[in-house]
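Encoded as C-alpha cells, the structure appears first; notes follow it.
There are 2 protein chains.
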Amino acid sequence: MMMHFDLAQTAPAAPAPVPCQDASFCQRCDVRARAICGTLEEDDRAALNRLGRRVTVQAGQTVMWEGDDATIVANVIEGTLKLSASTGDGREQIVGVVYPSDFIGRPFGRSTPHSVTALTDARLCLFTRGAFDGFARTHPELGHRLLQRTLDDLDRARAWMLLLGRKNAREKIATFLLDMSQRLAGEGAGPLDSFALPLSRQQVADVLGLTIETVSRQMTDMKRAKIIDLPNRRTVEILDRDQLSCLAEVA
Amino acid sequence: MMMHFDLAQTAPAAPAPVPCQDASFCQRCDVRARAICGTLEEDDRAALNRLGRRVTVQAGQTVMWEGDDATIVANVIEGTLKLSASTGDGREQIVGVVYPSDFIGRPFGRSTPHSVTALTDARLCLFTRGAFDGFARTHPELGHRLLQRTLDDLDRARAWMLLLGRKNAREKIATFLLDMSQRLAGEGAGPLDSFALPLSRQQVADVLGLTIETVSRQMTDMKRAKIIDLPNRRTVEILDRDQLSCLAEVA
DNA sequence: CGGTGAGTTGAAAGCAATCAAATGGCGTGG
DNA sequence: CCACGCCATTTGATTGCTTTCAACTCACCG
Chain A
1428 MMMHFDLAQT APAAPAPVPC QDASFCQRCD VRARAICGTL EEDDRAALNR
1478 LGRRVTVQAG QTVMWEGDDA TIVANVIEGT LKLSASTGDG REQIVGVVYP
1528 SDFIGRPFGR STPHSVTALT DARLCLFTRG AFDGFARTHP ELGHRLLQRT
1578 LDDLDRARAW MLLLGRKNAR EKIATFLLDM SQRLAGEGAG PLDSFALPLS
1628 RQQVADVLGL TIETVSRQMT DMKRAKIIDL PNRRTVEILD RDQLSCLAEV
1678 A
Chain B
1428 MMMHFDLAQT APAAPAPVPC QDASFCQRCD VRARAICGTL EEDDRAALNR
1478 LGRRVTVQAG QTVMWEGDDA TIVANVIEGT LKLSASTGDG REQIVGVVYP
1528 SDFIGRPFGR STPHSVTALT DARLCLFTRG AFDGFARTHP ELGHRLLQRT
1578 LDDLDRARAW MLLLGRKNAR EKIATFLLDM SQRLAGEGAG PLDSFALPLS
1628 RQQVADVLGL TIETVSRQMT DMKRAKIIDL PNRRTVEILD RDQLSCLAEV
1678 A
C-alpha cells in the first residue's frame, strides 16, 4: 500500500499577512470580475475589502489543515493550490485544484474537511470566518455567487468521481491533461496546447488515484505515440488533441 | 472492461403529477424541518408550495437524464434515489445517493450533469427550474439553506473521492456500510445496526467503483468473519462496529 | 564532481476484473 | 402446493492491470 509524506507540506504554515487595506486594492484586483465579490455594489465591496487581508503563501505551505476548526476563508488571487484528504496511514487523495478567482475554505461549518496547500507561490484575499459569514448573511448577492460556485465545484467533483471509480490509468491521464489545458486557460479562453503543469508527478498521481510510476509510464507511452510532447518535467504539449479526447473516453 | 445496462433505468420516465396543492400539504410534510424550505416564513412557504407539485416515481424510473437541459428541481419527500454519471461505453458511477429531505436537480445552470433515478418508490416535491430559480433569487433565506446543503454535498463528494481513489475493496465496503448505517438513521439519530439496503449489489458496486463480484466476495468474507450478518439479500446487520470502523480506515 | 531528489524504467507480485458456472430466492402457472 | 423459469447473487478459475520493489537516469546545485 502506498505511503508517502511530502515534507514540503509539513513546513510551518502561518501565512504572512500583508496589511495593505487601501480601497484601491480591489480596483487593481486581477480576478475581481470572476471572483464571488465581482458583482457587489461599490460600497459593499469596499466594506468587504475592509474585512479582508492580502496574504502571500509560498509553494508547499499549507493554509488550512484537514479536520481543523474552519476559522478562515479566502479568494485566490494568484497561484494554484490543492485540496487534499488522506487516510490514517498516509495515503493521500487530491480532491480539488484551485486557480485564481476560486474560493477556498468552509463557510458556515465547524471544521475544514480537507487540507489546502499551495502548489505554487500564491496570493490570497483572506477573511476570518466570523467576518465573512456575517457579511454573507447580510449580502444575498454574495451568497448567491458563492452558491453558483459551489454548485460548479460539486459538478466537477462528481465528474471526477466517474474518473476515479471507472476509468483506467490511460483514460485518467488523458482526461487530466485535457482538464488542465482547459482550466489553465481561464474562463473565456480556448484550451491551451502547451502549458506548465503546476503539479509534480506525485501530485498528478494523487489527483488521479494512481502511483507515480503509473503516471510516468502512461505519460511516456503517450509521448512515444506522439499524442503529447514533454519537453521537460513540468511542461506538456498536446500534439493530437482529438486522439487525446478519444482516450479520455468522455461521457 | 465492465459494461452493463440496467433495463429498469430505461423505462419511460415521466413522473405522474399529483395536483394536490392545498396549503395543508407542507404542514403534513415529513421532511419540511430538514428540507431547504424548512426555515421559510409561513406565507413564503405557501407561495413556494403553489409553485410545486407532488409527484410519485416508481423504483427504477429516471427523473432526470445526464446531459439533458435542467428543467426541474425537487425536494425528496420519501424514498431513495441515485445520482449517476457514465462513460460513453456504458460504465456507470453512482456519484451520490439522496434520501428524504435532500434536494435534487441543478438550479442556476444549463444542463443536468448526472442522471437521477429512483432506487425505491419515491415521492418528490417538484418545481420547474424557472419558477424555483426566480423564487430563490427573491428569497435569500432559501438560497442560504441551499448553499449550506450544497456545501455539505460537496464535502461528502470529496470524502468519497478519497474512497474511490485510495481505498481498497475491503475498506470501500466497510466505509460504505458505515455510511449507510448512519445516513439511513436520519439526522439526529445514532447509526443503525440493522437496515435494509436500498441498493442492489450492482448498485453498491457502482457506488464504490468495483464490480459486483468483488462486492459479493468482500461482503461474504465479512460475514464469515462475523463482522456483519446478511440475513437476506437486502438486509445488513452490523455485528462488530468497532472492527468495521477499523477496516474502513477512517482518515 | 559528487550529492540529492525527482522522475523513469524494469521485473515481479498482488488485487480486482473478467470469464464462467452454480446457487438460491421468488413469483407464476399448472 | 409444487414445479418451473427467471434473475440476482455467489462462487470458482484465470487473466491482466496497477502496484510494489528496486535500480537507474538526469537535472540541478553546492
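As you go down the protein sequences, you meet chains A and B in turn. Just so you know, we're using this note's numbering here: the first sequence kicks off at 1428 and counts up by one. Just so you know, we're using this note's numbering here: the second sequence kicks off at 1428 and counts up by one. Ideal placement from N, C-alpha and C gives every residue a C-beta, glycine not left out.
is_contact[residue i, chain A] using C-beta, thresh 8 angstroms
i               : result
I1531 (chain B) : no
E1664 (chain B) : no
T1638 (chain B) : no
T1507 (chain B) : no
G1479 (chain B) : no
G1465 (chain B) : no
A1462 (chain B) : no
A1623 (chain B) : no
Q1670 (chain B) : no
A1497 (chain B) : no
M1588 (chain B) : yes
Own chain residues within Cβ distance below 7 angstroms of residue i, not counting five before or after
i               : result
K1599 (chain A) : L1590, L1635 and L1637
L1568 (chain A) : Just to set this straight, residue 1568 (chain A) is Glu in the shown sequence, not Leu. T1466 and L1467, listed in sequence order.
A1558 (chain A) : L1478
F1402 (chain B) : The first residue shown for chain B is 1428 and the last is 1678, placing residue 1402 (chain B) beyond what the model contains.
D1656 (chain A) : K1650, E1664 and L1666
L1486 (chain B) : It should be pointed out that residue 1486 (chain B) corresponds to Ala in this sequence rather than to Leu. Closer than 7 angstroms at the Cβ level, and outside the excluded window around A1486 (chain B), lie A1545, L1546, T1547 and D1548.
R1401 (chain A) : Because residue 1401 (chain A) is not part of the residues shown, which for chain A are 1428 to 1678, the question remains open.
S1643 (chain B) : R1628
F1554 (chain A) : L1478, G1479, I1499, V1500 and A1501
L1619 (chain B) : S1608, L1611 and A1612
R1661 (chain A) : A1623 and L1624
C1456 (chain A) : I1504
A1675 (chain B) : E1598, A1601, T1602 and L1605
Near the ligand NAP: residue i beta-carbon under 7 angstroms from a heavy atom
i               : result
F1452 (chain A) : Annotation note on the ligand NAP: not contained in the displayed structure, which lists no ligands.
Own chain partners of residue i with C-beta closer than 8 angstroms, once the 5 adjacent residues on each side are dropped
i               : result
A1584 (chain A) : V1522 and G1523
I1463 (chain A) : N1502, F1530, L1569, R1572, L1573 and R1576
K1369 (chain A) : Outside the displayed span of chain A (1428 to 1678) sits residue 1369 (chain A), for which this structure offers no information.
First through last residue of the beta strand (DSSP E) which encompasses residue i
i               : result
P1625 (chain A) : From DSSP, P1625 (chain A) is part of no beta strand (DSSP E); its letter is neither H nor E.
I1655 (chain B) : I1655 to N1659
E1664 (chain A) : T1662 to I1665
I1542 (chain A) : Note that residue 1542 (chain A) corresponds to Ser in the displayed sequence, not to Ile. It spans S1542 to A1545 - the beta strand (DSSP E) in which S1542 (chain A) sits, taken as one unbroken run.
R1651 (chain A) : Unbroken run through R1651 (chain A) is the alpha helix (DSSP H), I1639 to R1651; no beta strand (DSSP E).
T1416 (chain A) : Residue 1416 (chain A) is absent from the structure shown; chain A starts at 1428 and stops at 1678.
Below-8 angstroms beta-carbon distance, residue i vs any chain B residue
i               : result
V1482 (chain A) : no
P1540 (chain A) : yes
D1580 (chain A) : yes
D1560 (chain A) : no
D1516 (chain A) : yes
P1618 (chain A) : no
Q1630 (chain A) : no
E1676 (chain A) : yes
M1607 (chain A) : no
G1613 (chain A) : no
T1489 (chain A) : no
T1555 (chain A) : no
A1596 (chain A) : no
V1525 (chain A) : no
V1642 (chain A) : no
R1585 (chain A) : yes
Bounding residues of the alpha helix (DSSP H) (the contiguous stretch that carries residue i)
i               : result
A1596 (chain A) : A1596 to R1610
C1673 (chain A) : R1668 to A1675
R1576 (chain B) : P1567 to R1593
Close Cβ partners of residue i (< 6 angstroms) along its chain, the five nearest in sequence each way excluded
i               : result
P1625 (chain B) : T1507, L1546 and T1547
T1539 (chain B) : M1491, D1495, A1497 and R1533
R1550 (chain A) : T1483, I1504 and E1505
L1510 (chain A) : V1522, G1523, H1541 and V1543
V1631 (chain A) : V1642
M1428 (chain A) : Summary for M1428 (chain A): the model assigns pLDDT 46, below 50, so the residue's position carries little reliability, and this model does not support an answer.
L1581 (chain A) : none
A1563 (chain A) : L1569 and G1570
L1434 (chain A) : At L1434 (chain A) the pLDDT is 36, less than 50, meaning the model places this residue with poor confidence; the figure from the coordinates comes in the next sentence. Excluding positions up to five away in sequence, the list is empty.
Scan the region 1460-1535 of chain A and note each continuous alpha helix (DSSP H) run of 4 residues or more that stays entirely inside, going in chain order. 1469-1478
Indicate whether the contact test is met: 3 or more Cβ pairs, each with one atom in the region 1570-1582 of chain B and one in the region 1598-1617 of chain B, closer than 8 angstroms. no
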